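J.: Chains as they are written, first to last, in our numbering: chain A, 31 to 305; chain B, -3 to 281. Here you go, one structure.
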Amino acid sequence: MQRIGDAPRIRRLLIGLALVLAALFLLLPLVAIFAQAFAEGVAMFWANLSDEYTLAAIGLTLFVTLLTIPVNLVFGVFLAWLVTRFSFPGRRLLQTLIDIPFAVSPVVAGLVYLLLYGRNGWVGGWLDSHDIQIMFAWPGIVLVTIFVTCPFVARELIPLMQAQGAREEEAAVTLGASGWTVFRRVTLPNIKWALLYGVILTNARAVGEFGAVSVVSGSIRGETNTLPLHVELLYQDYNTVGAFTAAALLALIALLTLAAKALLEWRATRRETAA
Amino acid sequence: MNTLALLGRSAPKRVLPGFGLSLGITLLFVSLVLLLPLTSLVGQLAGVSLAEYWAIISEPRVVASYLVTIGAAAAASMVNALFGLLMAWVLVRYEFPGKRLLDALMDLPFALPTAVAGITLATLYSSSGWMGRLLAPLGIEVAYTWVGIALAMAFTSIPFVVRTVQPVLEDLPHEIDEAALTLGASDATAFRRVILPNLWPALVTGTGLAFVRSLGEFGAVIFIAGNMPYETEITSLMIFVKLQEYDYVGASAIASVVLAVSLALLLALNLWQGRFIRRLHGGKG
Chain A
31 MQRIGDAPRI
41 RRLLIGLALV
51 LAALFLLLPL
61 VAIFAQAFAE
71 GVAMFWANLS
81 DEYTLAAIGL
91 TLFVTLLTIP
101 VNLVFGVFLA
111 WLVTRFSFPG
121 RRLLQTLIDI
131 PFAVSPVVAG
141 LVYLLLYGRN
151 GWVGGWLDSH
161 DIQIMFAWPG
171 IVLVTIFVTC
181 PFVARELIPL
191 MQAQGAREEE
201 AAVTLGASGW
211 TVFRRVTLPN
221 IKWALLYGVI
231 LTNARAVGEF
241 GAVSVVSGSI
251 RGETNTLPLH
261 VELLYQDYNT
271 VGAFTAAALL
281 ALIALLTLAA
291 KALLEWRATR
301 RETAA
Chain B
-3 MNTLALLGRS
7 APKRVLPGFG
17 LSLGITLLFV
27 SLVLLLPLTS
37 LVGQLAGVSL
47 AEYWAIISEP
57 RVVASYLVTI
67 GAAAAASMVN
77 ALFGLLMAWV
87 LVRYEFPGKR
97 LLDALMDLPF
107 ALPTAVAGIT
117 LATLYSSSGW
127 MGRLLAPLGI
137 EVAYTWVGIA
147 LAMAFTSIPF
157 VVRTVQPVLE
167 DLPHEIDEAA
177 LTLGASDATA
187 FRRVILPNLW
197 PALVTGTGLA
207 FVRSLGEFGA
217 VIFIAGNMPY
227 ETEITSLMIF
237 VKLQEYDYVG
247 ASAIASVVLA
257 VSLALLLALN
267 LWQGRFIRRL
277 HGGKG
């Protein structure tokens, strides 16, 4: 069968062009990160990595991510259940609303949280009089991270749950299963891989968020400095190798995210062809 | 209309449980996390007169930053439209060694933290970097110029066009190709007259999303931009600078402009897409 662009000459040209451009704009930066990180040898890499402030930044980033994931997981599941299993006025509006964090500039996201919870803010003033500090401390970082990552789980679940429909769940309810049982025994097995991918995406973005966090963090070394902020600090101190060491760690998480995605997709297509 | 559909529509009782609970949790979350913080912007600007507001957002240095941001974002998303179309085409239509790797690599800009992308691009394209050294003899300067800003924006928004065009291209039936070619069209004509009209909506949506993302990009851009007032300052940076000067009103005023533009664009894209889907499916959507 004839297809457009199947002539060997066009084929070779387009594939070649795509590979060259991808190598230049995607692969080269990736290689550069690791090349810079190991520019002064493996020993220096480890020395940079075990620096007191780098370790503190890694710890804070892990802590923030561990708090963010469960919140967005629960929210994402409830939202997806709501918009795919029920029909009610405002359903489409709700789906548009959760896209807000994708459209809002991270700096603007950080700013609106700063205005709300900062000392002069609506909520912040009250909190300040009760000696609770949110801005320039870890709770602020957690809040903005939740904001920027909240669409991921829901966005993965909604198309899948919409495509699957509610028939299996309705059957289970008709047979007398309770809501929790239906979710655990019918819904969860159907959505577990999408849920996992949503969590992986949330994790990748939570670990790497920069703009929003830099507005609310205050960047106090060893205290409110997350790993991406630490990358910036080291880079501005002209400690290029140190900055790229921290960057390599973040790049590694990115690579693991890509690998996980490829694996989940491979699983899905294998099951499709088997069925 | 069959009885089942009739029953489903007229039955007021919902079969599945959890409507109240999920509605409650969702509304609570949406109000507290998404909407309440946005209202603080309104609160901050409530005391500002229209003249003051206008003076802040039309300050020459800020206006220069709008032009730099919009210009670079437009260039970046145009480049990405072409790049994304090529990548989607190659990934869907051809088999070749390394295809899976190329496919996985497309998502790198979303997975890689923006600050990491920023320092890497700045280092690569600086005058002593791998790319910078090659481009310098040709008289092309990327780092600390407008081109660098566009490059960083283009990098972070690569996946948008690829991932919106790819599924549409996959779903195009083979017969389209055959029909066009047997009727005597050349490859180029067949692509332009037959394939492109089908991809158009996805291409516009992807490019639009890339543009919105580029307007707000911060982490990847500030390292390579050089941040020279009037020349290579982006609007997100202006907000950041105002904040560091504790000028909360100034920061809020500029942020409100950015926010209004990006929300309007998002809404326009959603509406446009919705209208197109309805037209495609004859009323349903």
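Glycine included, C-beta positions come from ideal geometry on N, C-alpha and C. All values derive from a computational prediction rather than experimental measurement.
Scan the stretch 80 to 125 of chain B and note each continuous alpha helix (DSSP H) run of 4 residues or more that stays entirely inside, going in chain order.
T.: If we require 4 residues or more, the alpha helix (DSSP H) runs fully inside the stretch 80 to 125 of chain B come out as 95 to 101, 104 to 107, 110 to 121.
J.: Quick check: A150 of chain B and S122 of chain B, are their CB atoms within less than 7 Å of each other?
T.: No.
J.: Using a cut-off of 9 Å between C-beta atoms, extract the partners of P169 of chain A located in chain B.
T.: None at all; the shortest Cβ gap to chain B is about 13 Å.
J.: Drop a sphere of 10 angstroms on the beta-carbon of I63 of chain A, count the other beta-carbons inside from all chains shown, and report buried for 16 or more, exposed for fewer.
T.: Classification of I63 of chain A: buried, given that the 10 Å Cβ count is 16 or more.
J.: Given 6 Å as the limit, tell me if P59 of chain A has its C-beta closer than that to any heavy atom belonging to the ligand ADP.
T.: This structure does not include the ligand ADP; it has no bound ligands of any sort.
J.: Please report how far the alpha carbon of I230 of chain B lies from the alpha carbon of M224 of chain B, in whole angstroms.
T.: Roughly 10 Å between the two C-alpha positions.
J.: By the three-class DSSP mapping on this structure, what secondary structure does M165 of chain A have?
T.: Of the three classes helix, strand and coil, the one that applies to M165 of chain A here is coil, per DSSP.
J.: How do the stretch 81 to 89 of chain A and the stretch 265 to 282 of chain A stand: do at least 3 beta-carbon pairs fall below 8 Å, yes or no?
T.: Touching, yes.
J.: If we define contact as Cβ-Cβ less than 7 Å, is I145 of chain B a contact residue for chain A?
T.: False, the Cβ-Cβ gap to chain A never drops below 7 Å.
J.: Would you identify the three-state DSSP class for N(-2) of chain B, choosing helix, strand or coil?
T.: Here N(-2) of chain B scores only 46 on pLDDT, less than 50, and its place in the model should not be relied on; the value that follows carries that caveat. Coil at N(-2) of chain B, not helix or strand.
J.: Mind listing, in chain order, the continuous alpha helix (DSSP H) runs of no fewer than 4 residues lying wholly within the stretch 151 to 205 of chain A?
T.: If we require 4 residues or more, the alpha helix (DSSP H) runs fully inside the stretch 151 to 205 of chain A come out as 152 to 159, 168 to 179, 181 to 194, 197 to 204.
J.: For A86 of chain A, go through chain B and note every residue whose CB falls closer than 9 Å to its CB, in chain order.
T.: The premise fails here: A86 of chain A is roughly 17 Å from chain B at the closest Cβ pair, so nothing lies under 9 Å.
J.: Taking the alpha-carbon positions, what's the T91 of chain A to A176 of chain B distance?
T.: Going by the C-alpha atoms only, they are around 55 Å apart.
J.: Return the residues of the stretch 31 to 58 of chain B that lie within a Cβ-Cβ distance of less than 7 Å from chain A, sorted by chain order.
T.: Those would be L32, P33, L34, S36, L37, G39, Q40, in chain order.
J.: Between S6 of chain B and A110 of chain A, what straight-line distance do the alpha-carbon atoms span, to the nearest angstrom?
T.: Any answer about S6 of chain B is weak, because its pLDDT of 42 lies below 50 and its placement is not dependable; what the coordinates show is given next. Whole-angstrom Cα-Cα distance: 24 Å.
J.: Contact criterion: CB-CB distance below 7 Å. Does V138 of chain B meet it with respect to chain A?
T.: Chain A contact via Cβ: absent.
J.: Counting contacts by CB-CB distance shorter than 7 Å, is Y265 of chain A in contact with chain B?
T.: Judged by the 7 Å Cβ criterion, Y265 of chain A is in contact with chain B.
J.: Residues in the stretch 126 to 142 of chain A with C-beta within 9 Å of chain B's C-beta atoms, listed in sequence order?
T.: From the stretch 126 to 142 of chain A, only T126, L127, I128, D129, I130, P131, F132, A133, V134, S135, P136, V137, V138, A139, G140, L141, V142 have a Cβ closer than 9 Å to chain B.
J.: Going along chain B in order, which residues have a C-beta closer than 8 Å to the C-beta of A224 of chain A?
T.: By Cβ distance, chain B contributes nothing, its closest Cβ being about 16 Å from A224 of chain A, past 8 Å.
J.: Beta carbons nearer than 8 Å to chain A: which residues of the stretch 92 to 113 of chain B have them?
T.: Under the 8 Å Cβ criterion, the stretch 92 to 113 of chain B contributes F92, G94, R96, L98, D99, A100, L101, M102, D103, L104, P105, F106, A107, L108, P109, T110, A111, V112, A113.
J.: Please decide whether A202 of chain A counts as near chain B, where near means a Cβ-Cβ distance under 7 Å.
T.: No, its Cβ sits nowhere closer than 7 Å to a Cβ of chain B.
J.: Run the CB neighbour count on W196 of chain B, radius 10 Å, all protein chains shown included, and call it buried at 16 or more, exposed below.
T.: The residue in question, W196 of chain B, is exposed, as its Cβ has fewer than 16 Cβ neighbours within 10 Å.
J.: Does the stretch 96 to 103 of chain B touch the stretch 151 to 164 of chain B, meaning 3 or more C-beta pairs lie closer than 8 Å?
T.: Counting Cβ pairs under 8 Å, three or more are found: they touch.
J.: Excluding five sequence neighbours on each side, which residues of the same chain lie with their C-beta closer than 8 Å to the C-beta of I215 of chain A?
T.: For the sequence presented, residue 215 of chain A should be read as Arg rather than Ile. Correct list, in chain order: A202, A207.
J.: In chain order, which continuous runs of the alpha helix (DSSP H) of length 4 or greater are located wholly inside the stretch 170 to 235 of chain B?
T.: Within the stretch 170 to 235 of chain B, the complete alpha helix (DSSP H) runs of at least 4 residues are 170 to 178, 183 to 186, 192 to 212, 215 to 221.
J.: Any contact of the stretch 73 to 85 of chain B with the stretch 36 to 51 of chain A, i.e. 3+ C-beta pairs under 8 Å?
T.: Touching, per the Cβ criterion.
J.: For A52 of chain A, return the contacting residues in chain B, with the cut-off set at a CB-CB distance below 7 Å.
T.: Result: L98, L101.
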